[in-house]
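Sequences listed follow chains D and A, in order. Note that the working numbering gives residue 20 to position 20 of the first sequence, counting from 1, and the numbers run on in steps of one. Note that the working numbering gives residue 445 to position 313 of the second sequence, counting from 1, and the numbers run on in steps of one.
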Amino acid sequence: MSTTIPAELRYTSSHEWARENLDGTLTIGITEHAQRALGDIVFVDLPVAGRHMAAGEACVVVESVKAASDVYCPVAGVILEGNPGLSAAPELVNSDPYGEGWLFRVQPSAPSDWGGLLTAQSYAELLSTSGD
Amino acid sequence: MNTLSAVSRPELEPTIFDLSASGRRATAQAPALANCTVPANLRRRVRPRLPEVSELQALRHYTRLSRLNFSIDTNFYPLGSCTMKYNPRGCNQYAMLPEFLGHHPYAHASLSQGFLESLFELQEMLCDVTGMKAVSLTPMAGAQGEFAGVAMIRAFHRQRGDFHRDEIIVTQAAHGTNPATASMCGFKVVEVPCDATGDCDIEALKRVAGPRTAGIMLTNPSTLGVFERHIAEIRSIVHGVGGLLYYDGANLNAILGIVRPGDMGFDVIHMNLHKTFATPHGGGGPGSGAVGVAERLAPFLPIPVVAKSAEGYRFLDERDCPLSIGRLSGFMGNAGVLLRAYIYIRMIGREGLRRVGEFATLNANYLMARLQQAGFQVAFPARRATHEFIVTLKAESRDLGVTATDVAKRLLDFGYHAPTTYFPLLVPECLLIEPTETESRETLDGFAVTLEAILNEAREDVSRLKEAPYTLPVRRLDDVRAAKQLELVWRPDP
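Set out below in structure tokens:
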């Protein structure tokens with residue numbers, strides 16, 4: 001099944017995406033592949049602003065009709081905000097995973113961390129080799 | 133002219149309050165007020181808001197409700213990880229002897245010797261079955277047993293003055309209750325991945341095990357339906373850094389009489405007596421999460437524990453067990469479940485327990501082979517199944533657009549309770565199938581033929597599956613709405 005992987009974003013092997021904003025902050029969400037695997041999302045438990053995260057630390061719980069899954073912070077940094085729109089409409093993560101369905105914004109400790117994440121091409125290769 | 137139409141599928145049953153009519157009584161069941169010894173000033177003046185129905189209406193209502201249900205009494209119930217086996221009726225009969233039913237929990241030990249002896253012998257038998265040194269029966273369910281187990285791990289380290297161990301390791305395939313329990317007991321959860329064959333990734337375990345490790349929680353066989361082959365190595369790694377091994381007894385059925393958690397090196401274990409030792413379960417309770425421990429953890433067991441002395445049997449309490457993690461239930465767990473488990477073990481004996489393990493494994497492997505022949509892909513084809521196995525519909529989902537949910541819903545139309553779906557999480561579009569030892573070969577064959585027919589249906593016309601079920605009082609439910617918009621109907625507004 002084909003899946004959208006925007007070229008301008010960076011990715012993790014645990015299916016998060018990261019967008020580098022003009023002000024140096026990162027916006028984080030889960031990929032189209034991830035939302036499809038999770039199924040219909042009914043609740044998103046977002047982190048509070050100001051929380052210090054280590055790279056790879058679990059900071060969001062996404063609940064679907066199938067399961068509850070952790071989402072990991074791709075880089076070390078401080079949480080700036082969770083997506084306020086998701087409390088009323090968690091299904092945005094399904095319908096618009098790279099847009100309105102973003103999960104949180106983070107101020108990375110090191111600006112170069114974004115560049116260390118997977119490129120769209122690497123992520124596409126990861127998906128094709130894992131076969132799911 | 134009125135037309136009569138045959139009922140094609142059962143109707144939803146109204147609540148019993150909808151059947152109520154003012155003043156209607158079930159007089160035969162009413163208490164005889166003439167014999168009431170409650171003083172007049174303590175009696176209620178306003179009638180309780182109970183439904184007013186006849187005895188026959190009440191009987192039919194509950195009989196109809198029971199017929200809407202899938203249960204082990206009516207249907208094959210291969211719900212993976214839940215061990216939905218037959219619960220022998222004889223256990224109920226003995227557990228419901230009037231002497232047990234009428235026994236007051238505050239009755240003096242001298243009046244409770246039969247009850248206490250049963251519990252004491254159950255403790256001894258569970259020690260023998262699991263290879264542990266001591267057992268407490270008091271946890272009320274599996275989750276509480278897990279809580280007791282990890283609370284004992286914490287108490288053990290603290291008693292030694294070791295306050296730095298704040299991490300519990302779980303594997304990727306762990307039951308969700310394992311990290312939940314560790315978190316509940318104040319630990320940080322560290323996850324270790326599984327390798328491609330379903331075993332624990334030993335190199336990853338070595339990286340995370342250390343001076344902060346309080347223990348590891350394992351299910352063996354794991355939720356992937358395979359026996360953890362590295363268990364001896366896991367034991368030496370975790371014990372080597374000073375951590376303890378916790379055994380989640382959810383899958384104990386597979387190894388009964390074959391291998392014992394105590395011999396594998398586990399320090400703490402909880403057992404789901406309601407599953408492995410065959411008491412009715414699946415409706416949300418009552419359960420029993422008895423815990424067993426190695427010698428060094430015995431002082432921390434939850435109380436009460438039954439002891440035997442020259443004067444007879446008695447409950448040990450806070451004075452006898454000052455290091456106990458405390459009480460988890462008002463009296464002695466779910467006594468009725470404990471009695472049923474005791475009678476079950478007495479009934480089938482040591483040899484019978486071994487046959488349970490052997491036939492649970494045989495049935496699972498037989499059904500797995502049948503489904504492989506029918507073209508289903510299993511998650512770990514190179515491994516022998518334990519008491520359960522995983523079918524993955526990844527290829528069918530990709531090629532036909534059919535999901536595990538679709539297949540599960542269609543099975544209901546053919547009179548089968550669906551297997552567990554979408555667990556464990558690391559296998560996509562999975563069905564976790566546990567046939568248990570109490571099913572006949574004919575039942576397993578019928579189930580395999582049905583699953584094959586459903587797969588053929590999907591190949592011909594996938595929309596047939598998307599609309600299933602057809603024969604139940606409700607069709608495909610809106611899972612999203614059900615999760616977000618709960619409507620609890622229990623009685624009409626006044």
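Ideal Cβ placement from N, Cα and C applies to all residues, glycine included.
Quick one: residues in its chain with C-beta nearer than 7 angstroms to the C-beta of D/H15, no 5 flanking neighbours on either side, listed in chain order? Correct list, in chain order: I30, T31, H33, A34.
Within 10 angstroms of its Cβ, does A/P513 collect 16 or more other Cβ (buried), or is it exposed? Counting every other CB atom within 10 Å of its CB across the protein chains shown gives A/P513 a total below 16, marking it as exposed.
Could you tell me which of D/A55, D/S95, D/T129, D/S130 sits nearest to D/V40, measuring between CA atoms? The identity of residue 40 of chain D in the sequence shown is Asp, whereas the question assumes Val. For the residues D/A55, D/S95, D/T129, D/S130, the minimum Cα distance to D/D40 belongs to D/S95.
Tell me the start and end of each unbroken beta strand (DSSP E) in the segment 275-345 of chain A that is at least 3 residues and wholly inside, in chain order. Listed in chain order, the complete beta strand (DSSP E) runs (minimum 3 residues) inside the segment 275-345 of chain A are 299-303, 320-324.
Rounding to the nearest angstrom, what Cα-Cα distance links D/A124 and D/A18 in this structure? Straight across, the Cα-Cα distance linking D/A124 with D/A18 is about 15 angstroms.
Close beta carbons around A/Y250, own chain, < 7 angstroms, minus the five adjacent residues each side: The sequence given here places Ser at residue 250 of chain A; Tyr does not occur at that position. Excluding sequence neighbours, A/S250 sits near L471, Y474.
Here's the rule I'm using: 16 or more other beta-carbon atoms within 10 Å means buried, otherwise exposed. How should A/E360 be labelled? Buried is the call here.
Mind checking whether A/F546 and A/I586 have CB atoms under 9 angstroms apart? Taking 9 angstroms as the Cβ cut-off, A/F546 and A/I586 qualify as a contacting pair.
Cut-off 7 angstroms between Cβ atoms - residues of its own chain near A/H413, not counting five sequence neighbours on either side: Cβ neighbours of A/H413 within its own chain (closer than 7 angstroms, five residues either side excluded): H406, K407, G419.
Output, in sequence order along the chain, the residues in the segment 539-572 of chain A whose CB is closer than 7 angstroms to any CB in chain D. Contact annotation: in the segment 539-572 of chain A, residues whose CB is within less than 7 angstroms of a CB in chain D are Y554, L557, P560.
Which same chain residues end up closer than 7 angstroms to D/A49 when comparing Cβ atoms and leaving out the 5 residues on each side of it in sequence? For D/A49, the CB contacts under 7 angstroms within the same chain, skipping 5 residues up- and downstream, are I79, L80, E81 in chain order.
Is the beta carbon of A/V539 less than 9 angstroms from the beta carbon of A/L583? Yes. Within cutoff.
Residues of chain D with CB under 8 angstroms from A/V612, in chain order? Within chain D, the residues near A/V612 are D40, V42, V65, E91.
What's the call for A/P146, buried or exposed, on a 16-neighbour Cβ count within 10 Å? Of the other Cβ atoms in all chains shown, fewer than 16 fall within 10 Å of the Cβ of A/P146; this residue is therefore exposed.
Could you check whether D/V75 and D/W102 sit closer than 9 angstroms to each other, using their CB atoms as the reference points? Taking 9 angstroms as the Cβ cut-off, D/W102 and D/V75 do not qualify as a contacting pair.
What did DSSP end up calling A/Q245 once you bin it into helix, strand or coil? Correct three-state label for A/Q245: helix.
Sub-9 angstroms separation of A/R640 and A/E589 beta-carbons: Nothing about residue 640 of chain A can be reported from this structure: the residues present for chain A run from 133 to 626 only.
Does A/T329 pass the burial test, meaning 16 or more other C-beta atoms within 10 Å, or should it be called exposed? With fewer than 16 other Cβ atoms within 10 Å, it is exposed.
Beta-bridge pairing of D/H52 - partner residues as DSSP gives them: DSSP output for D/H52 lists D/V78 as bridge partner(s).
Tell me, please, whether the CB atom of D/A68 is closer than 9 angstroms to any CB atom in chain A? Contacts with chain A at 9 angstroms (Cβ-Cβ) include D/A68.
Tell me whether D/P90 is buried or exposed, calling it buried when 16 or more other Cβ atoms sit within 10 Å of its Cβ. Buried is the call here.
To the nearest angstrom, how far is the alpha carbon of A/E490 from that of A/P163? Going by the C-alpha atoms only, they are around 50 angstroms apart.
Kindly give me the distance between the Cβ atoms of A/G424 and A/T262, rounded to whole angstroms, as I take these residues to be in contact under 8 angstroms. Their Cβ separation, rounded to whole angstroms, is 5 angstroms, which keeps A/G424 and A/T262 in contact under 8 angstroms.
Going by DSSP, what residue range makes up the alpha helix (DSSP H) through A/A585? Boundaries of the alpha helix (DSSP H) harbouring A/A585: 573-592, taken from the DSSP string.
Return the chain-ordered ranges of every alpha helix (DSSP H) run that is complete within the segment 354-391 of chain A and spans a minimum of 4 residues. Whole alpha helix (DSSP H) segments, 4+ residues: 363-372.
A/E619 burial status per 10 Å Cβ neighbour count (16 or more: buried): With fewer than 16 other Cβ atoms within 10 Å, it is exposed.
Is DSSP giving A/I148 helix, strand or coil here? Under the three-state reduction of DSSP output, A/I148 falls in the coil class, being neither helix nor strand.
Span of the beta strand (DSSP E) holding D/Y98? Segment: none, D/Y98 is in no beta strand (DSSP E) and carries neither H nor E.
Express the C-alpha separation of A/A346 and A/A314 in angstroms, rounding to a whole number. Approximately 10 angstroms between the Cα atoms of the pair.
Is A/G458 close to chain D, meaning its C-beta is less than 9 angstroms from at least one C-beta of that chain? Closer than 9 angstroms: no.
Any C-beta of chain D sitting closer than 9 angstroms to the C-beta of A/K616? So yes, A/K616 belongs to the interface.
Under a Cβ-count criterion, where at least 16 other Cβ atoms within 10 Å of its own Cβ denotes burial, should D/D132 be classed as buried or exposed? The predicted position of D/D132 is uncertain, since its pLDDT is 49 and thus under 50; a value taken from the coordinates is nonetheless stated next. Under this definition D/D132 is an exposed residue.
Give the DSSP bridge partners of A/R459, in chain order. Paired residues: A/I435.
Per DSSP, the bridge partner or partners of D/A58: DSSP output for D/A58 lists D/Y72 as bridge partner(s).
Name the residue from A/E569, A/E528, A/L532, A/V324 whose alpha carbon lies nearest to the alpha carbon of A/L563. The residue among A/E569, A/E528, A/L532, A/V324 with its C-alpha nearest the C-alpha of A/L563 is A/E528.
When you compare the CB of D/A37 with every CB in chain A, is at least one pair closer than 9 angstroms? So, interface residue.
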